[in-house]
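Trainee: I have a structure I would like to understand better, so I am pasting it below and will then ask my questions one at a time.
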Amino acid sequence: MTFPGQAAYCCQRDGVVQSDVAWAIERGALQLQTVQDTAAIGEELLLELYKLLGHSRPRPMESNCAAWDYSGQYLQGSTPVDGNSGACLWDAQRMIGCCGDWMLDGRVEGAYVSGDALGRLLVAELQRTE
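Structure below.
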């Protein structure tokens, strides 16, 4: 099984359509509660895809819409500590930090950038306290 953002190919899926966080926030997709809500957002996302591709809309055999609840929209407005990128959180007093794909864009690249940012902060903190 493949998931949005993965490079792997699975013959059971023909494709995955994924919006960015801003598009999802504009439509309230991150606060959806019902199957009907998610189906309507999924339908809108498919319509946008077909507009971009310039194709008429084929009927999908199956479709599913889900929000990635742990993406960076929950941290918007938080104070970044890593050169204003907002890629990780760090509390030097408690010597605790957190990182992950959810800090940025919910993709594997975001996980790498977030982990790298926290690692650099940790190294700098350890060098400072030596």
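Under the UniProt record's numbering, the residue at position 83 of the sequence shown is numbered 83, and the numbers go up by one with no gaps. Glycine included, each C-beta is placed from N, C-alpha and C at the ideal position.
Is it buried or exposed, Met-61, if we count other Cβ atoms within 10 angstroms and call 16 or more buried?
Mentor: It counts as exposed.
Trainee: If you draw a straight line from the C-alpha of Ser-114 to the C-alpha of Ala-24, how long is it?
Mentor: Their backbone Cα atoms lie some 22 Å apart in a straight line.
Trainee: Based on Cα-Cα distance, which residue from Met-103, Val-17, Trp-102 and Ala-87 lies nearest to Arg-120?
Mentor: Arg-120 has its Cα closest to that of Ala-87, out of Met-103, Val-17, Trp-102 and Ala-87.
Trainee: Let me know if Asp-101 comes out buried or exposed under the rule of 16 or more other beta-carbons within 10 Å of its beta-carbon.
Mentor: Buried, by the Cβ-count rule.
Trainee: Around the C-beta of Gly-97, are 16 or more other C-beta atoms found within 10 angstroms, so that it is buried, or is it exposed?
Mentor: With 16 or more Cβ atoms within 10 Å of its Cβ, Gly-97 is classed as buried.
Trainee: Which stretch, first to last residue, makes up the alpha helix (DSSP H) that contains Gly-86?
Mentor: Careful: Gly-86 lies outside any alpha helix (DSSP H) and carries neither H nor E.
Trainee: Could you check which residue in Gly-54, Asp-37 and Gly-106 has the C-alpha nearest to that of Asn-64?
Mentor: Out of Gly-54, Asp-37 and Gly-106, Asp-37 has the C-alpha closest to the C-alpha of Asn-64.
Trainee: Around the Cβ of Met-95, are there at least 16 other Cβ atoms within 10 angstroms (buried) or fewer (exposed)?
Mentor: Classification for Met-95: exposed.
Trainee: Mark Ala-117 as exposed unless 16 or more other C-beta atoms lie within 10 angstroms of its C-beta, in which case mark it buried.
Mentor: Looking at its Cβ environment, which holds 16 or more other Cβ atoms inside 10 Å, Ala-117 is buried.
Trainee: Could you spell out the range, first to last residue, of the alpha helix (DSSP H) harbouring Gly-115?
Mentor: Here the alpha helix (DSSP H) through Gly-115 covers 108-128.
Trainee: Buried or exposed: which applies to Gly-54, given that a residue is buried once 16 or more other Cβ atoms fall within 10 Å of its Cβ?
Mentor: The residue is exposed, with fewer than 16 neighbouring Cβ atoms inside 10 Å.
Trainee: Which of the three DSSP states is assigned to Gly-54 in this structure?
Mentor: Reduced to three states, the DSSP call for Gly-54 is coil.
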